[in-house]
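Take the sequence shown: its letters are residues 1022 to 1203, numbered as in this note's numbering.
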Amino acid sequence: MTRIVVIDNHGQFTHLEHRALRDLGVDTELIDNDVDPAAVEADGIVLSGGPDMDRAGRSAEYLDLDVPVLGICLGMQLIAEELGGSTGSGDYGGYADVTVEILDEEDPLIGSLAPETRVWASHADEVKTVPDGFTHTGTSDVCGIEAMSDTDRDLYGVQWHPEVIHTEEGEEVFENFVDICE
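Put into C-alpha cells, the structure is as follows:
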C-alpha cells in the first residue's frame, strides 16, 4: 500500500490533508515538522501549509528523501525558497475563491484539471519566481504562480488548498499525487 506522510507546518487545514489521503485509502500519517526525515519511511511527502517559514521546522530536509513531494501553500513556498526560487508578499493577502488557469495539460499533478479550476487560496505570501528545473503550471488574476512542477525530481507545489471543500477538484489533486507516488 502506498504510504504518504503529511508534514505538519501548523496550518489550520493540515488535518484535512491527512484526512483527504486517508479517505483515498492511502496509508498516511500526520507528523510534526521537527521529526528527523531519516526516521520517516514513505512513498511520498506532503508539506502542509502553515503560518510562516519560521515555524517550518525541518521541512526543507524532506526534499532530500528522493520521494515525490507535494507542497501546499507554505509548503510550495518552502520548496521554491530552498531550491533557488523566490517568494514575497502577495497583492491580495486573505483567503479567496480563485479561478486558476492550468498552463500545462500534461502536468501529472494538475494537468487533468485543465483548462481551469476553482480553488480556495491564501495569498499573504506567494512564489514570485520558480526554481531552475521547475515549470510554471498554474496562474490566476490574483497570483502569477499558483502552481509549479519539477517532474524530473517529482517535486510539486500548489498555492491553493486542495483539502478544503471550497476547492472544486481538490480530491483529484490528491488522487493525482497518489498516482505519482505509486
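Note that CB positions come from ideal geometry on N, CA and C, so glycine has one too.
Bear in mind the structure is a predicted one, so any value in this text is a computation, not a measurement.
### Expected contact under 8 Å - CB spacing of Ile1100 and Val1067 to nearest Å
Going by Cβ atoms, the distance from Ile1100 to Val1067 rounds to 12 Å, so no, they are not a contact pair.
#### Entry: Of the listed residues Val1194, Met1169, Arg1040, Arg1024, nearest to Leu970 (C-alpha basis)
It is not possible to answer for residue 970, since the shown part of the chain is limited to 1022 through 1203.
### Query
Whole-angstrom Cβ separation of Trp1181 and Ala1142, contact assumed at under 8 Å?
4 Å
### Message
Using only the alpha-carbon positions, how far apart do Thr1188 and Ile1123 sit?
### Response
14 Å
### Message
Using a 10 Å radius around the Cβ and a threshold of 16 neighbouring Cβ atoms, would you call Ile1186 buried or exposed?
### Response
exposed
### Own chain partners of Arg1079 with C-beta closer than 8 Å, once the 5 adjacent residues on each side are dropped
Asn1054, Asp1055, Val1056, Asp1057, Pro1058
### Task
List the DSSP bridge partners of Ile1093.
Val1179
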